[in-house]
Every structure is written in C-alpha cells, then in structure tokens.
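By this note's numbering, the letter at position 261 of the sequence shown is numbered 265, and the numbering carries on one by one without gaps.
Think of the CB as a built atom: it goes at the ideal place given N, C-alpha and C, for glycine as much as any other residue.
Note that this is a predicted model, so its numbers are computed, not measured.
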Amino acid sequence: MIRLAKYAKPYLWTILLAVGLLFIQANLELMLPDYLGRIVNTGIQQGGVENAVPQALRASRMDRLSLFWLDAEKAQVMSAYDLFDPAEPSAAQALKDVPGHGGEAVYLRKALDQEDIARLNPLFARAWMAAGALEKAAASPEDAAGLGNVFSELPSGADGFQTLQALPAAQRASLVEKLSDPLDALGETMLTQSAVGAVRAEYATLGMDTAAVQTGYIIRTGGIMLLLSLLSGGCSILVTVLASRVGAGMARDLRRAVFQKVTAFGNAEFDRFSTASLITRSTNDITQIQLVVAVLIRIVFYAPIIAVGGMIRLLGAGSVMWWLIGVAVIVSFSLIAVIMSLSLPRYRVVQNLVDRLNRISRELLSGMMVVRAFNRQPDEEKRFDQANVELTGVSLFLNRIMAMLNPTMMLIMNGLGVAIVWVGSYQVAQANLQVGDMMAVTQYAMQIVMAVLMLSTMIVALPRASVSSDRIADVLEAEPAIQDAPDVQGFPEPFRGEIEFRNVSFRYPGAEEDALHEINFTVLSGQTTALIGPTGAGKSTVVNLIPRLYEVTAGEIWMDGVDIRRVSLYDLRSKIGYVPQKSVLLSGTVESNLRYADDQAAESALHSALEIAQAEAFVAANPQGMQMDISQGGGNVSGGQKQRLSIARALVRKPPIYIFDDSFSALDFQTDAALRRALKQETGGSTVLVVSQRVSSIKDAGQIIVLDEGRMVGKGTHAELMRSCALYREIALSQLSVEEAVE
Ligand code: ADP
Numbered sequence: 005m006i007r008l009a010k011y012a013k014p015y016l017w018t019i020l021l022a023v024g025l026l027f028i029q030a031n032l033e034l035m036l037p038d039y040l041g042r043i044v045n046t047g048i049q050q051g052g053v054e055n056a057v058p059q060a061l062r063a064s065r066m067d068r069l070s071l072f073w074l075d076a077e078k079a080q081v082m083s084a085y086d087l088f089d090p091a092e093p094s095a096a097q098a099l100k101d102v103p104g105h106g107g108e109a110v111y112l113r114k115a116l117d118q119e120d121i122a123r124l125n126p127l128f129a130r131a132w133m134a135a136g137a138l139e140k141a142a143a144s145p146e147d148a149a150g151l152g153n154v155f156s157e158l159p160s161g162a163d164g165f166q167t168l169q170a171l172p173a174a175q176r177a178s179l180v181e182k183l184s185d186p187l188d189a190l191g192e193t194m195l196t197q198s199a200v201g202a203v204r205a206e207y208a209t210l211g212m213d214t215a216a217v218q219t220g221y222i223i224r225t226g227g228i229m230l231l232l233s234l235l236s237g238g239c240s241i242l243v244t245v246l247a248s249r250v251g252a253g254m255a256r257d258l259r260r261a262v263f264q265k266v267t268a269f270g271n272a273e274f275d276r277f278s279t280a281s282l283i284t285r286s287t288n289d290i291t292q293i294q295l296v297v298a299v300l301i302r303i304v305f306y307a308p309i310i311a312v313g314g315m316i317r318l319l320g321a322g323s324v325m326w327w328l329i330g331v332a333v334i335v336s337f338s339l340i341a342v343i344m345s346l347s348l349p350r351y352r353v354v355q356n357l358v359d360r361l362n363r364i365s366r367e368l369l370s371g372m373m374v375v376r377a378f379n380r381q382p383d384e385e386k387r388f389d390q391a392n393v394e395l396t397g398v399s400l401f402l403n404r405i406m407a408m409l410n411p412t413m414m415l416i417m418n419g420l421g422v423a424i425v426w427v428g429s430y431q432v433a434q435a436n437l438q439v440g441d442m443m444a445v446t447q448y449a450m451q452i453v454m455a456v457l458m459l460s461t462m463i464v465a466l467p468r469a470s471v472s473s474d475r476i477a478d479v480l481e482a483e484p485a486i487q488d489a490p491d492v493q494g495f496p497e498p499f500r501g502e503i504e505f506r507n508v509s510f511r512y513p514g515a516e517e518d519a520l521h522e523i524n525f526t527v528l529s530g531q532t533t534a535l536i537g538p539t540g541a542g543k544s545t546v547v548n549l550i551p552r553l554y555e556v557t558a559g560e561i562w563m564d565g566v567d568i569r570r571v572s573l574y575d576l577r578s579k580i581g582y583v584p585q586k587s588v589l590l591s592g593t594v595e596s597n598l599r600y601a602d603d604q605a606a607e608s609a610l611h612s613a614l615e616i617a618q619a620e621a622f623v624a625a626n627p628q629g630m631q632m633d634i635s636q637g638g639g640n641v642s643g644g645q646k647q648r649l650s651i652a653r654a655l656v657r658k659p660p661i662y663i664f665d666d667s668f669s670a671l672d673f674q675t676d677a678a679l680r681r682a683l684k685q686e687t688g689g690s691t692v693l694v695v696s697q698r699v700s701s702i703k704d705a706g707q708i709i710v711l712d713e714g715r716m717v718g719k720g721t722h723a724e725l726m727r728s729c730a731l732y733r734e735i736a737l738s739q740l741s742v743e744e745a746v747e
C-alpha cells in the first residue's frame, strides 16, 4: 500500500476532513450510553426526579428537614427558596402548580444553576434520609436504615421531631454530626436515589403532576439521544461520501497512470506482464484498492477512537468491569491473529489464479474458431474448469474462514454482555452500582468490541489490497526498457531515410539464444530492400528493431548517420510507415482508421491511399463508403481487406520510410502485383523495406537480404543471389519456373 501512497496525496484535505468528522461522530456515539444510563437511573428508577433538591415542599416538611442541618447549612438552603402563603392572594399564581398545599405555606425553589444544586443535593439527600429514618424509628428502630442506634438516644415513645426540636442547639448539632457518618457511607448516588422517593412523595402530597415530571425527563433525555444519533448519522453519511470520493478518485488516477504507463511499454514489458494480467491489474486490482481505501478511511480512524474513548469513559466512571472488556479484547485480537495467519498467504494465490483464469478465457475466446474446428470444446472446457475449480476452492476456503470471524466475534461480544450483567447484578444487589450504569457499561463494551471487529475486517481486507497494490505498483514502477535518451537529438535535415545495420545481434528477453546474429546491411535512401528466408529466420525481428519495438542487444542501427537510440521515439516513429505482419484495425470506420496515421489528411489523400492499396473498390462497393463500420480488431472485413486497409493507413502518412512486414501475404497474386505496381509509383522517393515469402514479390527489389536462422546468408540483387546464394536459389526455384527465376 505504501508504494501507492503518493496517489492519496491529492486527497489529503478530504481525508483530513473525513477524519475530523469521524472524531465528532465517535464522540457523539460515545455519549449515548451515558444518556441511556440516565434514562434508566433517573427517568425510570427515580421517576424523572433528578436530585434530592425539591422544586416545592410544604413549610412543615421543610421544618422537619431543617432539624438535620447545622445553622449555616440551613441558611444556605433557605437562600435557595421562597416561601409562599396561600392566605395571601398574591401567592395564588405562584402556587397554582401545587394545588395540594391544604392551606399550608409552601417553599418554592428559586431558579438554581447546576452548581447550587450540586451543593444543596447532599444536604437534602441526608436530611430526607434521616427524616425518613426517624419516622420509621418510631415504629421499628431496627428498620431505620442503620440510623436506629443514633435515634435510640432520643427518648422513646415521644414524637422524634418534637424531641429533636426541643433539644438544646449543641446537643442537636452533635446528633447531626453522628448521623452524617452512616449516611455518608452510603455514597451520594445511593443517598440521592433513596431520597428521591421522599421527594416524589412530597410532590404527590402537593398534588403536582409526577407523571408529567417523569415523562418530561424521559422525553428530554430521549430527545438529546435522538439528536446525538442524528448528528452522528449525518457525520457518518458525510464521511462515507468523502471516503467514497477518495476511493473512486484514487482508482481513477491509478487507472489513468497504469494506462499511461502501459502505452509507454515496449514489447518486452508486454511479454513480461502478459496482456491478461495487465487487464486484471487495471480493473480487478484497482477496484480492490478503491474499496479498501473507502473502508480504510471510515474504519481505521473511527474504530480506535471508539475503542480508546470507550475505555477512557469506562475507567473514568470508575467501573470495576474494565478487566472483563480487556479480556474480551485480548481474545478478539488473538482470534484475528489466527485468522490472518491462515488467510494472508492465500490472497496472493487468489489474485494469481484470477490472472490465470483471465488468460485462459482470453485465449479460448479468441481461439474459439480453432477450438470448434478441431472439436476440442470438451478439452478446453476441462482446462477452463480446472482453473475455475482451483480459484473456487481457494476462494471458498477464504470465505469459510471469514465466515467464522463474524459469528465468533458476536459470541465474544454477547458473552461479554452476559458476563457484565452477571458481575453487575452482584454489584447492583450490593448497591454499588445502578442498573442504568450497568446498562451503560454493557453499551460501552459493545462499542469497544464492535470497534475491534471493524478493525479486524479491515485487517482482513488489507492483505488483499496490499497484494493488489503491489501488483499495480509493479506496473507503475516498471521502467520501459525502450525510452528516449536523456539528450535526444534530431535527424539531420533533409531526411533521406538511409538505414544501416551494424553488427546487430538481438535476443528476445528471457530467450536462451540470440534471434539475430551480427546482421550488417545498408538500405540506401529511396531503395527497396527485401528480406526473405524461411519462417523463423528472423525477418520480422529485423524490421521490428527499426521503429525500436525491441532494442538491439548488441550492435547499432543508424538512420541518416544517427544511432536510432539517440533520437526521440516520436521522431523516429513519425518517419516510418509500418504495416505489421498481423494487420490491426481499431474499431470505428474506414475513415477513422485511415486518419489514425494523420488526422489532418485531405479527403483526396485518403482516397488515393485506398486506391494504391487496392482497397478503393471494396470500400466504394459498400453503401456507406468510407464511413463503413469497422468492428473491434477489424472482425468484419476479410484478412486481405484488412491488410489492404492497413497498407492504406501507412500510405496516408506519406513517410520517408516504409516497412511492410509480410503485408501482402493475404493478397491474391493479381492484387499483389497491382498493388506493388501502384506502390512503386507512390513510394518512389521513399526507402522501402519489405519482408516477404514470395520471390515474385521481391524479384525487382534493389537489394535482397537472405536470412536463415538469424544469420544473413546472402545479400544482393535477384540475379546476383541466384548465382551466389544456395538458399535463395532453392527458395526461388521452389516458387518459380526456371525461366521466371533466371529472367
Ligand atoms: P520470421 O519473421 O522470419 O518468420 P521472426 O523474426 O518472427 O521470424 O522470429 C525469429 C525467431 O525469434 C524465431 O525463432 C522465434 O521463435 C523467435 N521469436 C519471435 N518472437 C519472439 C518473442 N516475442 N519472444 C521470444 N522469441 C521470439
């Protein structure tokens, strides 16, 4: 992946934006369990009453509570409340929410901020508990929440509150002191939770709508949760959009880069990578990268934030259950490690098998005619099947392993849930933990394990992508063997088109033997030189070296006094009209194919090229003329027509050098002769190199070079060679009558 990192660079800002959004999303999601805990703890268990500081309470109740406060504390409380007496008409408005006051004066809480509430809450919580205990102590002292022994100091039988009130200030203060220890031992949370019951009872007495208080709280908290979820959902959508853009953008850039690179490839590189593999690399492999990049951005940043954030919140909340989660995380990671070690090596195999399958399919499809003609369908099906079955086998194995991952992780996650409830239930029973907090812990645990799971899917996808990215990087980093020299020079003007082979030897990349051995010849400007020899003698190889489709292994090729490696490929190739052995037409029309050589060519030039190439007649016979469709690879024209169009294409260019690599082989003798006659006029001033098997086609050439097994075995005119070259004589006599041959 690192090798392709530079392709992520243009998207750096998009990626950073996505990461920022992920951070927000993760934090929003981490807030949810906390609110869930509050809904359970406060909304359900405490009836929506958040703290022990009541909104309203009767004066008599306040008096009783105030017995458990020191004077300073009492003053604090009083400053937070206003007293309203129903006897006064002005109080009616303020008291309308507490219809159950029964004529008694009522304290209403002033508007307080969180800080005031936090300060008053422990005072009220303790007082509510103590007052409740004192009431119970009258009936059964042992029931008084552990405060019975404190109250037992008070004379029994009498009303505890009156006795307390009657006590001298110092004695009451010492009693309050004594109460604070057992009360504080409960902890403020538990104290508040217990006191809230008394607050609700007071609300009920006052005729306040307690159900509305509860519903209000739940709706408020639920509303916040909904809002958080919506926001985090929004972030998630944005991140997905951004990540997909980065993925798709990178894929586009990579495809472009690979394509550009491949167009610069010489035949050596095509031989090295194979066309099938290049196609797989620029489609399948790039798609892998696209998918992984999109997921990578979403998960690789999000999961750790959730996992670490969740842990921090758990530890911050002082939860004792973090170790359970720790164990779950360790188990998950071990599982992932095992799965990775099993699957990783096989991903590379898969990609190679996909290559192979592509290669076989390509070959079968393009060779279908031959396969049918020889009735080899069953064998070829078997060959295809073998590759297919092998790929299926490996893919199935990988899928099975991956299929195990999810359920196992789910098992771990749910097992963790059960463990938390188990351990948590004991803590709830011991009043160390509230139910809502336990639920929040469960939620955090799920989030953390989910994050690990996400990371694991990522970790599984990564090796695939890294295999793919290596395969793409291999192409991108391949340096074409044939390149412009750093200090290119131009041909001398005017260009004459003289070609000289000096001791040229050539070996195909990877081949064991040289295909050409020390070839020496000169093609004079304007001269026609023919290459002849048995199949495999190296004729095509010689002409392919001229436009530098391959590079000489030893020796030099000079053109107009310049080594062809010193000029730019563009310059060199623009001087040559090359008609390859295998005619290649591109999909489009006759015209578009001809204009491939020169898109500025005049209409008349196209027609004259067609005429010379003996193609005018069949193009004119078509109702669409030059607009006649040419399907991909020229599948809708005959071999001979294809050759003629491909010759016409070279003619449109009007180059100073023509290379015809066995370009007349598919023509009948008559057309061949007519074409050569017309060509001779057209190419009069040009240098022409012709590869041919037909002696009759080349008899008139100014120079004939005879090749055999990569060596030059004869050079001269027809007449000279008939005398001096045994091989040439043999070829000539096998094709021509003696009279024709010696003519
Ligand atoms: P000709 O055109 O005379 O029929 P070629 O020039 O096509 O012969 O081939 C000359 C020799 O080079 C042959 O022995 C052939 O097997 C070998 N050859 C041709 N193309 C390649 C290639 N791409 N890789 C390896 N060897 C090749």
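Between residue i and the ligand ADP, is the CB less than 7 Å from at least one heavy atom?
i      : result
Ser669 : no
Gly540 : yes
Tyr512 : yes
Asp275 : yes
Thr545 : yes
Gly537 : yes
Ala515 : yes
Ala519 : yes
Could you check which residue in the options has the C-alpha nearest to that of residue i?
i      : options                           : result
Asp117 : Phe88, Phe128, Val57 and Tyr111   : Val57
Met462 : Ala22, Met325, Ala298 and Arg727  : Ala298
Ile303 : Thr532, Leu179 and Phe27          : Phe27
Gly714 : Gly540, Ser460, Tyr662 and Leu466 : Gly540
Leu683 : Val699, Ser669, Gln97 and Phe664  : Phe664
Arg352 : Leu179, Arg285 and Lys78          : Arg285
Gln390 : Met373, Leu357, Pro411 and Asn403 : Leu357
Phe305 : Lys586, Leu368 and Thr244         : Thr244
Arg363 : Asn392, Arg380 and Asp383         : Asn392
Ile679 : Gln697, Gly644, Arg657 and Ile661 : Correcting the residue type first, residue 679 is Leu in the shown sequence and not Ile. Residue Gly644 is the option with its Cα nearest to Leu679.
Gly637 : Ser370, Leu25, Ala202 and Asn271  : Ser370
Please classify residue i: is it buried, with 16 or more other beta-carbons within 10 angstroms of its beta-carbon, or exposed?
i      : result
Trp73  : buried
Gln169 : exposed
Arg475 : buried
Gln631 : exposed
Tyr430 : exposed
Thr687 : buried
Ser650 : buried
Ile310 : buried
Ala617 : buried
Trp132 : buried
What three-state label does DSSP hand residue i in the structure shown?
i      : result
Arg552 : coil
Asn507 : strand
Arg3   : Past the boundaries of the shown model lies residue 3; the chain is included only from 5 to 747, so the question cannot be answered.
Gly227 : helix
Val102 : coil
Tyr306 : helix
Gly514 : coil
Asn524 : strand
Gly720 : strand
Ala56  : coil
Asp86  : strand
So that I know if they touch, is there some Cβ in chain C lying closer than 8 Å to that of residue i?
i      : result
Thr539 : Any reference to chain C falls outside this structure, which holds one protein chain only.
What whole-angstrom Cβ distance do residue i and residue j have, given they're in contact under 8 Å?
i      : j      : result
Phe510 : Lys719 : In fact, because the Cβ distance is near 18 Å, the residues do not count as touching under 8 Å.
Val102 : Ala60  : 5 Å
Ala519 : Gly542 : 5 Å
Ser240 : Gln29  : 6 Å
Val44  : Met443 : 6 Å
Thr533 : Ile735 : Actually they are not in contact, since the Cβ atoms of Thr533 and Ile735 sit about 17 Å apart, beyond 8 Å.
Any heavy atom of the ligand NAD closer than 7 Å to the CB of residue i?
i      : result
Thr533 : Absence of the ligand NAD from the depicted structure is noted, with the ligand ADP being the only ligands included.
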